[in-house]
Amino acid sequence: MLYFTTSFLVFLIAGVFGLLVRLEQSVPGMQVVDFKTYNYLLTGHGVGMLFWWAIAAHIGGFGNFLLPLMIGAKDVAFPRLNALSWWAFFAANVLFLMTLIPGNHIMTMWTGYPPFSLNNDAGVTALYVFVMHLLGASSIATAVNFLVTYITMRAPGYTFFKTNLFVHTLIAANVIQLVGVPSLAGAVTMLFLDKYLGTNFFNPAKGGDPLIYQNIFWFYSHPVVYVQVLPVFGFYSEIIPVFARRPLFGYTSMVFAVWAITAVSFFLWIHHMFVSGVPNWTRVLFSYTTLLIAVPTGIKIFNWMLTLYRGAIHFRSQMLYALGGVFMFLIGGLTGLPLGMVAIDLGVSDSLFVVGHFHYVLGMAITLGILGAVIHWFPLATGKYYPENLGKLSFWLIFAGANIFYFLQMVAGMLGNPRRYPDYPPIPEWTTLHVIQTIGALILGVGVVIFTYGIIKGLKSGEKASDNPWKSPSLEWKVGVPARAHGHGDHPPRVEPDWHPYRYDKEEILK
Amino acid sequence: MEQVIALPYKWWAEAVTVWLIVAVVIYLIVAIPGIYFIYKYRYKPGEREIGDHDFEGHMGLEALLTIIPLLTVIFLATYSFTIFKKQRTVPDGAMTIKVTAFMWGWQFDYLDENGKVIKTVVTGYHANDYNLQEFEKPVIPAGKPIRALLTSMDVIHSFFVLPARITEDMVPGRTTYLWFQINKPGEYWVFCREYCGTGHSHMFTKLKVVPPEQFTAWLYGKNEVAIKSNNKEVAR
Ligand code: HEM
Ligand SMILES: [Cu+2]
Ligand SMILES: [Cu+2]
Numbered sequence: 000m001l002y003f004t005t006s007f008l009v010f011l012i013a014g015v016f017g018l019l020v021r022l023e024q025s026v027p028g029m030q031v032v033d034f035k036t037y038n039y040l041l042t043g044h045g046v047g048m049l050f051w052w053a054i055a056a057h058i059g060g061f062g063n064f065l066l067p068l069m070i071g072a073k074d075v076a077f078p079r080l081n082a083l084s085w086w087a088f089f090a091a092n093v094l095f096l097m098t099l100i101p102g103n104h105i106m107t108m109w110t111g112y113p114p115f116s117l118n119n120d121a122g123v124t125a126l127y128v129f130v131m132h133l134l135g136a137s138s139i140a141t142a143v144n145f146l147v148t149y150i151t152m153r154a155p156g157y158t159f160f161k162t163n164l165f166v167h168t169l170i171a172a173n174v175i176q177l178v179g180v181p182s183l184a185g186a187v188t189m190l191f192l193d194k195y196l197g198t199n200f201f202n203p204a205k206g207g208d209p210l211i212y213q214n215i216f217w218f219y220s221h222p223v224v225y226v227q228v229l230p231v232f233g234f235y236s237e238i239i240p241v242f243a244r245r246p247l248f249g250y251t252s253m254v255f256a257v258w259a260i261t262a263v264s265f266f267l268w269i270h271h272m273f274v275s276g277v278p279n280w281t282r283v284l285f286s287y288t289t290l291l292i293a294v295p296t297g298i299k300i301f302n303w304m305l306t307l308y309r310g311a312i313h314f315r316s317q318m319l320y321a322l323g324g325v326f327m328f329l330i331g332g333l334t335g336l337p338l339g340m341v342a343i344d345l346g347v348s349d350s351l352f353v354v355g356h357f358h359y360v361l362g363m364a365i366t367l368g369i370l371g372a373v374i375h376w377f378p379l380a381t382g383k384y385y386p387e388n389l390g391k392l393s394f395w396l397i398f399a400g401a402n403i404f405y406f407l408q409m410v411a412g413m414l415g416n417p418r419r420y421p422d423y424p425p426i427p428e429w430t431t432l433h434v435i436q437t438i439g440a441l442i443l444g445v446g447v448v449i450f451t452y453g454i455i456k457g458l459k460s461g462e463k464a465s466d467n468p469w470k471s472p473s474l475e476w477k478v479g480v481p482a483r484a485h486g487h488g489d490h491p492p493r494v495e496p497d498w499h500p501y502r503y504d505k506e507e508i509l510k
Numbered sequence: 000m001e002q003v004i005a006l007p008y009k010w011w012a013e014a015v016t017v018w019l020i021v022a023v024v025i026y027l028i029v030a031i032p033g034i035y036f037i038y039k040y041r042y043k044p045g046e047r048e049i050g051d052h053d054f055e056g057h058m059g060l061e062a063l064l065t066i067i068p069l070l071t072v073i074f075l076a077t078y079s080f081t082i083f084k085k086q087r088t089v090p091d092g093a094m095t096i097k098v099t100a101f102m103w104g105w106q107f108d109y110l111d112e113n114g115k116v117i118k119t120v121v122t123g124y125h126a127n128d129y130n131l132q133e134f135e136k137p138v139i140p141a142g143k144p145i146r147a148l149l150t151s152m153d154v155i156h157s158f159f160v161l162p163a164r165i166t167e168d169m170v171p172g173r174t175t176y177l178w179f180q181i182n183k184p185g186e187y188w189v190f191c192r193e194y195c196g197t198g199h200s201h202m203f204t205k206l207k208v209v210p211p212e213q214f215t216a217w218l219y220g221k222n223e224v225a226i227k228s229n230n231k232e233v234a235r
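Going line by line, the protein sequences match chains A and B.
Sequential numbering from 0 applies to the first sequence in numbering that gives the first Met the number 0.
Sequential numbering from 0 applies to the second sequence in numbering that gives the first Met the number 0.
Below you can see the structure in the form of structure tokens.
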């Protein structure tokens, strides 16, 4: 709960940063902020959104809450380790807020590439390094805790092939964290040593090489997008069957797809370096591996669609969020193909096309999934319903605004507009695209505000929820509403041989 | 004969078209049935209240939905490979220019066959506008392939020739390369596409493309050549 609240607050702050960035780009010239403030806002936006929102909201927030409930356990395996992880996360927050102080700005962008980050123009790189370390420590503690919880604390009969997809995706994401985070930590540590203690890992004048950083950095930071997106796939897989009133189509292939994505995710990182000067043959090789990941991802999309087939679909707001998220992800996936095709990437690398693409995936598929999950599990956490009308209204505003914004951002990128540009030459087509994008972003912003208001309203005066309001067979609803502090307590629920988290009572009707 | 304004832009645009067709087809294949299901199978009281519980999976269908995407991505990657070869293979007879980046501009060194510098152009940093003086614009001959050898003096920058849609990073301590060719005389944007600090969005220049005779005169002459006034500025 604490995790989620913090994540959500940083999401709002980073959202405001994003809007300021967007407003500055509306028309050529500098109107809203100066270059340095802009670079700080963009860095803060990227770091905040990626590490607080897209990772911490669902892993820290939902993971801690749902994992024990879904597997029929009392709590996570190591409650104290969990507390430690939370305090590391909290300390990272304090440092993140400290960067707001003028003079403490970090302007490295979230990627922190040297030698730029070693330059004084980049601001206080140390803050960036410490934020990453604290978040990394927190993530590793969480990952260990979750893996042990899953392995040792499942209710008897709750087997691998009866595991909720959210649990599969959560565990897969944490496996990636465990393997990858040390690599990121290494990269930023070397950065710190270079900048403040005079080592020369990345200094070409003294035999270092800046591309080493990029390799180590992306070895983690590419898989991290799957850390971010996998649990959201889990959310879709939990929400869609409930409101289609039928079992998830192709459960087994979904499970294999999750683990295939996890494995392949470590073999793609060079696609972030297609124009960095690495040898031509590596670019081609990684072009193949990159496109390969589209296959398991495609399986998931097909299966969600086929789950709708012959269902009885209810359009509750969380279902809208989930279906909207799948559609955004479809566009995000299809616009990822040209970035994997090295020939096209040479022309759009580091352009707004890339930014538009990842906002479809990260910005929207993930955000819609998380917001849908908030509505879905709101009764379990609070004992009340999220106001349905505000849920629907905020969904349509966010969905419409985001599509206007990010689609045109991709068009601008195809026309050649570079990314991380506060200003650009007054090319008429570009200006038109930017003005309309800003309108889209404002609509999106209004949607987020309404969603936030819905949370407050739901908490204060929401309608009291009934037990198992969505009539789901999944175990987390067996503890009653709102969930008790000790989950299933010392008596794990009975898991019958024919039980499955997506198999409803055939006669049961959801009103 | 169709007019090719720039290379490798032509092939890049072909690749974009191929991708776009594939993407739109996939989108329609997924979205149309999806939207149809959403419409057809919605909950209707008294009529459609519970979903069908027998269709939990279908081996054949699932296998098909794995194999078709697999073949599609192998096709796309292989096709991209053939284009990539053209983008990265410098044609014979290309002229070499050495470009060195700094915060926030470029130095263009024109080399002769022996690698000796004939002429140098340095672009300035203009923090407040996108106008350039004539002497800050690098000049290249129309219709001739140019090989750019790229490096940087300080941080990582990038060399993006907009009309040719080709980028390559400029890394301190390394020399990277790209090649391009522009057939139509005019002035064309060049931008930095790797984040390099305060001046990043104002790290730009304009390539001045002139007929080859004019280029030779410029390269060996002392004075600037004014481009024929009827050549309107082309900003693509
Ligand atoms: C209120 C909604 C949002 C707005 C208005 C917004 C706006 C923007 C803008 C204008 C840029 C800069 C593009 C450029 O010139 O390079 C940007 C970059 C970025 N955004 Fe967002 N965005 C939003 C939501 C999100 C979300 C939800 C995420 C992730 C979960 C996200 C992640 C990023 C990242 C990683 C960058 C790149 C930062 C960098 O270049 O270092 N954004 N955003
Ligand atoms: Cu630059
Ligand atoms: Cu730059």
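Every residue, glycine too, gets a C-beta built ideally from N, C-alpha and C.
From a predicted model like this one, the values you see are computed outputs, not experimental measurements.
Hey, could you find the ends of the beta strand (DSSP E) residue i is sitting in?
i: alanine 147/B; result: 145-151
i: glycine 104/B; result: 104-110
i: proline 140/B; result: 138-140
i: isoleucine 117/B; result: 116-121
i: threonine 431/A; result: Run containing threonine 431/A: none in the beta strand (DSSP E); it sits in the alpha helix (DSSP H), 427-460.
Please report how far the alpha carbon of residue i lies from the alpha carbon of residue j, in whole angstroms.
i: isoleucine 12/A; j: glycine 43/A; result: 9 Å
i: leucine 64/B; j: isoleucine 298/A; result: 7 Å
i: tyrosine 287/A; j: tryptophan 476/A; result: 43 Å
i: asparagine 279/A; j: tryptophan 18/B; result: 21 Å
i: valine 23/B; j: tyrosine 405/A; result: 17 Å
i: isoleucine 365/A; j: glutamate 387/A; result: 21 Å
i: glycine 355/A; j: leucine 361/A; result: 10 Å
i: alanine 225/B; j: phenylalanine 134/B; result: With a pLDDT of 44 at alanine 225/B, under the threshold of 50, the modelled position of this residue cannot be trusted, and the question is left open.
i: threonine 4/A; j: threonine 451/A; result: 11 Å
i: threonine 431/A; j: leucine 407/A; result: 10 Å
i: threonine 81/B; j: phenylalanine 74/B; result: 11 Å
i: asparagine 103/A; j: threonine 36/A; result: 11 Å
i: alanine 172/A; j: glutamine 227/A; result: 8 Å
i: isoleucine 181/B; j: lysine 143/B; result: 7 Å
Does the beta carbon of residue i sit closer than 9 Å to a beta carbon anywhere in chain C?
i: histidine 44/A; result: Protein chains A and B are contained in the structure displayed, whereas chain C is not.
Determine the DSSP secondary structure at residue i, reduced to helix, strand or coil.
i: tyrosine 112/A; result: coil
i: valine 93/A; result: helix
i: valine 373/A; result: helix
i: aspartate 236/B; result: The structure shown does not extend to residue 236/B, since chain B is modelled only from 0 to 235, so the question has no answer here.
i: arginine 235/B; result: Note on arginine 235/B: pLDDT 30, under 50, position unreliable in the model; no value is reported.
i: arginine 244/A; result: coil
i: valine 224/B; result: For valine 224/B, the pLDDT reaches just 45, beneath the cut-off of 50, and the residue's location in the model is therefore unreliable, leaving the point undetermined.
Spatial neighbours of residue i within its chain, please: C-beta separation below 6 Å, excluding the five flanking residues on both sides.
i: valine 89/B; result: Arg146, Trp178
i: isoleucine 239/A; result: Trp303, Thr306, Ala321
i: valine 491/A; result: Sequence check: residue 491/A is proline here, not valine. Cβ within range, chain order: Gly71, Ala154.
i: glutamine 86/B; result: Pro7
i: glutamate 237/A; result: Phe165
Can the beta-carbon of residue i be found closer than 9 Å to that of residue j?
i: isoleucine 96/B; j: leucine 131/B; result: no
i: leucine 40/A; j: phenylalanine 16/A; result: yes
i: methionine 29/A; j: proline 421/A; result: yes
i: tyrosine 127/A; j: proline 209/A; result: no
i: alanine 12/B; j: lysine 183/B; result: no
i: phenylalanine 83/B; j: valine 9/A; result: no
i: leucine 183/A; j: methionine 131/A; result: yes
i: leucine 146/A; j: leucine 177/A; result: yes
i: phenylalanine 218/A; j: phenylalanine 265/A; result: yes
Where does the unbroken alpha helix (DSSP H) through residue i begin, and where does it stop?
i: phenylalanine 179/B; result: Segment 175-181 is the beta strand (DSSP E) holding phenylalanine 179/B; no alpha helix (DSSP H) there.
i: glycine 332/A; result: 316-333
i: lysine 391/A; result: 387-413
i: histidine 156/B; result: That residue, histidine 156/B, is in no alpha helix (DSSP H); its beta strand (DSSP E) goes 156-160.
i: isoleucine 96/B; result: Premise fails: isoleucine 96/B lies in the beta strand (DSSP E), 94-101, not in any alpha helix (DSSP H).
Beta-carbon within less than 8 Å of residue i's beta-carbon, same chain only, minus the 5 sequence neighbours each way: which residues are those?
i: methionine 0/B; result: Caution applies to methionine 0/B, whose pLDDT of 43 falls short of 50 and renders its modelled position unreliable; the value that the coordinates give is listed next. Closer than 8 Å at Cβ, skipping near neighbours: no residue.
Which residues in the same chain have their Cβ closer than 7 Å to the Cβ of residue i, if we skip the five residues on either side of it in sequence?
i: glycine 339/A; result: His270, Ser286, Thr289, Leu290
Residues passing the C-beta test against ligand 4 heavy atoms, cut-off 6 Å: Ligand 4 is absent from the structure shown, which contains only ligand 1, ligand 2 and ligand 3.
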